[in-house]
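Colleague: Submitted below is the structure of interest, expressed as structure tokens.
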Amino acid sequence: AQSVTQLDSHVSVSEGTPVLLRCNYSSSYSPSLFWYVQHPNKGLQLLLKYTSAATLVKGINGFEAEFKKSETSFHLTKPSAHMSDAAEYFCVVSWGNTPLVFGKGTRLSVIA
Amino acid sequence: GAVVSQHPSWVICKSGTSVKIECRSLDFQATTMFWYRQFPKQSLMLMATSNEGSKATYEQGVEKDKFLINHASLTLSTLTVTSAHPEDSSFYICSAKGQGDSYEQYFGPGTRLTVT
Numbered sequence: 128a129q130s131v132t133q134l135d136s137h138v139s140v141s142e143g144t145p146v147l148l149r150c151n152y153s154s155s156y157s158p159s160l161f162w163y164v165q166h167p168n169k170g171l172q173l174l175l176k177y178t179s180a181a182t183l184v185k186g187i188n189g190f191e192a193e194f195k196k197s198e199t200s201f202h203l204t205k206p207s208a209h210m211s212d213a214a215e216y217f218c219v220v221s222w223g224n225t226p227l228v229f230g231k232g233t234r235l236s237v238i239a
Numbered sequence: 014g015a016v017v018s019q020h021p022s023w024v025i026c027k028s029g030t031s032v033k034i035e036c037r038s039l040d041f042q043a044t045t046m047f048w049y050r051q052f053p054k055q056s057l058m059l060m061a062t063s064n065e066g067s068k069a070t071y072e073q074g075v076e077k078d079k080f081l082i083n084h085a086s087l088t089l090s091t092l093t094v095t096s097a098h099p100e101d102s103s104f105y106i107c108s109a110k111g112q113g114d115s116y117e118q119y120f121g122p123g124t125r126l127t128v129t
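Chains as they are written, first to last, in the working numbering: chain A, 128 to 239; chain B, 14 to 129.
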């Protein structure tokens, strides 16, 4: 079965330092890839998506992600964390018309 | 564009009663809508997929008689939790996919259900 693995359940960074949230997926052929952010008791907000165009994808709020086919990875990065970035982040993958496959989520904490 | 709303945003009901949650696509026609359930500190779990005008397809382990889904129009899907019990308390999120969208779903803000 197709799967998505978010390698860290919790990441803690200091404000102003870089953020790296890791995501790997199981299939060898190119899916569509998404990163969503969820603040407490809120729905999901799309940060960015990859759909077979440029491998480096820029999203909102300074986030970006790079699709690496050889590594089946789609890690999310941000150069400088802000307190407002503290939230839950989900890596989500779609293979054609099949249902979305969600990672288990990574909780990002930002320390002042 | 591509806004999805849910109503209510939160609801408290007594055990044994039924509660209906609405999911609306505000600025596009949603041929397919999805219902997810999310437990605290966990990821989203797909409950069912509904296509306008046809019966919903439920994921394994989801009781179709308990979670009634109706997708009566291209902009509205409803989830009714029948004979609710405290274990049904959860965060329910819907999403919608438009015509021609093969991969992207637009998510609603979620509904917090608490059954007392």
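Every residue, glycine too, gets a C-beta built ideally from N, C-alpha and C. These figures come from a predicted structure and were not determined experimentally.
1) Strictly by DSSP, which residues pair up with A:Ser154?
2) Please decide whether B:Cys104 counts as near chain A, where near means a Cβ-Cβ distance under 9 Å.
3) Could you check how far apart the C-beta atoms of B:Gly29 and B:Ser96 are, in whole angstroms? I think they sit under 8 Å.
4) Alpha carbon to alpha carbon, what distance is there between B:Lys110 and B:Gln42?
5) Buried or exposed: where does B:Thr91 fall if 16 or more other Cβ atoms within 10 Å of its Cβ makes it buried?
6) If we define contact as Cβ-Cβ less than 9 Å, is B:Ser38 a contact residue for chain A?
7) Count Cβ pairs between the region 189 to 204 of chain A and the region 33 to 49 of chain B that sit closer than 8 Å; are there 3 or more?
8) With DSSP as the reference, please indicate the residues paired to B:Asn46 in a beta bridge.
Modeller: Put simply:
1) Bridge partners of A:Ser154: none, in fact.
2) The residue you asked about is not Cys; residue 104 of chain B is Phe in the sequence shown. For B:Phe104, the answer is yes, since a Cβ of chain A falls inside 9 Å of its Cβ.
3) 6 Å
4) 8 Å
5) buried
6) no
7) no
8) Residue 46 of chain B is actually Met in this sequence, not Asn. Beta-bridge pairing links B:Met46 to B:Ser63, B:Ala109.
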